[in-house]
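One structure is given below, encoded as structure tokens.
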Amino acid sequence: MKIIRDIYEMQDFSKKIHANDPHKKISFVPTMGFLHEGHCSLMRLAKQQSNYLVVSIFVNPTQFNNLEDLQQYPRNEEKDIQVCQNENVDVVFLPTVAQVYPPREKYAKDKLVLDYPKLTSQLCGKFRPGHFSGVLWIVHNLLLWVQPDIAFFGLKDYQQFILIRQMVFDLSLPVKVYGGKLIRQDNGLALSSRNSRLSEHGRKSALQISQSLFAVKEKIEKENINKEQAMQFWQNFIAKLKVEYANIYHPITLQPLDSQSYLSQRKDGYLLAMAAYVEDIRLIDNILVQDTLF
Ligand code: AMP
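The sequence shown begins at -5 in this note's numbering and counts up one residue at a time.
Structural data, given as structure tokens:
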């Protein structure tokens, strides 16, 4: 397994592979590290569909809304490299902040803002101004440095997945984008690097997030209720949590559905998604109910 820290070395590596044999496929899983089964499931999907698997680990400062959150983001490079080794990763790409965001001596300080105002007006985008511009910028650039044929993103970050898929389409980037299913613990808790910061008690409280999602989904399926009724049930279920948002959205436009909408009759399906703070740690989870759009 190769470890590459330099952006241009990464680019050369991929260029050489493509030049030597145009049929060889490079797959790519971008991450912020502190790897868990959610990341590993993407790596396994990617490995199956390619000859070379590149995993990047980069905690991207421009997608954090405050310095404290960035500083407290869990990191363990040594262990992550070991995880990659076990998953038969071919290249771990560890770019440095200094090279990704160099001083701009000869350039204006103005910032390129990649944004989809409507798609980011709801869900996480509504509460994290600038977050997705940071995500889109770094993913765009990582795609140029790694030059993969296929890139894999988790549906755990559903809004992120939709935005990246849209950017790749609109900018005509030469890469296929795949979404990997959300991976949970046996008890239902969505895996996240941020879970490592929860206490035992916090983990129990956090369980209410996934439990509420499953309960609402079941109620919708069993009782054929409309959104207003589903929301009432859901809000009661999560009354004790510090909820940032919890709503039911259109899976492609990401706009909240109409309160009179009968959910199980919708041909486009629906997305149940929420964010909540547990012990001041922001957790997100969702359930996507649809089987025709992707
Ligand atoms: P992160 O390191 O949190 O930025 O995540 C890197 C990639 O792994 C993103 O595409 C995430 O959506 C994905 N990911 C993180 N957690 C999970 C999970 N529990 N299930 C599936 N994919 C995940």
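By construction, the Cβ of each residue, glycine as well, lies at the ideal position given by its N, Cα and C atoms. Given the structure is predicted, the values throughout are model-derived calculations rather than measurements.
Discussion item. Can you give me the C-alpha to C-alpha distance between residue 232 and residue 58, rounded to a whole angstrom?
Written reply: 26 Å
Worksheet item: Is there contact here, the region 187 to 203 with the region 153 to 163, by at least three beta-carbon pairs under 8 Å?
Response: no
Worksheet item: Less than 8 Å between the CB of residue 174 and some heavy atom of ligand 1, yes or no?
Response: yes
Practice prompt. Kindly indicate which residue of 227, 246 and 247 has the alpha-carbon position closest to the one of residue 240.
Written response: 227
Discussion item. Starting from residue 280, trace the beta strand (DSSP E) in both directions and tell me its first and last residue.
Written reply: 275 to 283
Worksheet item: Based on Cα-Cα distance, which residue from 167, 27 and 175 lies nearest to residue 149?
Response: 175
Fill in: Coarse secondary structure for residue 219, derived from DSSP in three states
coil
Worksheet item: Does DSSP put residue 47 in a helix, a strand or coil?
Response: strand
Discussion item. Output needed for residue 245: all residues of its chain with C-beta closer than 7 Å, excluding positions within five of it in sequence on either side, in chain order.
Written reply: 262, 263, 264, 265, 282, 284 and 287
Worksheet item: Just checking my contact of residue 108 with residue 130 at CB under 8 Å: how many whole Å lie between their CB atoms?
Response: 4 Å
Worksheet item: Count the other CB atoms within 10 Å of the CB of residue 221; is the residue buried (16 or more) or exposed (fewer)?
Response: buried
Discussion item. Could you check whether the region 34 to 46 touches the region 138 to 152, counting it as contact only if at least three pairs of C-beta atoms, one from each stretch, sit closer than 8 Å?
Written reply: yes
Worksheet item: By a C-beta neighbour count over all protein chains shown, 10 Å radius and 16 as the cutoff for buried, is residue 270 buried or exposed?
Response: buried
Discussion item. According to DSSP, is residue 129 part of a helix, a strand, or is it coil?
Written reply: helix
Fill in: Limits of the unbroken beta strand (DSSP E) element including residue 268
264 to 272
Discussion item. I need the straight-line Cα distance from residue 28 to residue 79, nearest angstrom please.
Written reply: 14 Å
Discussion item. Here's a check: name, in chain order, each residue in its chain whose Cβ is nearer than 8 Å to the Cβ of residue 182, leaving out the five neighbours to either side.
Written reply: 201, 204, 205 and 208
Worksheet entry | Candidates 81, 252, 236 and 36: closest to residue 171 by CA position | 36
Practice prompt. Report the option in 76, 88, 55 and 67 whose CA atom is closest to the CA atom of residue 2.
Written response: 88
Worksheet item: Is the CB-CB distance between residue 46 and residue 84 below 9 Å?
Response: yes
Worksheet item: How big is the Cα-Cα spacing for residue 134 and residue 99?
Response: 23 Å
Worksheet entry | Of the listed residues 9, 51 and 194, nearest to residue 25 (C-alpha basis) | 51
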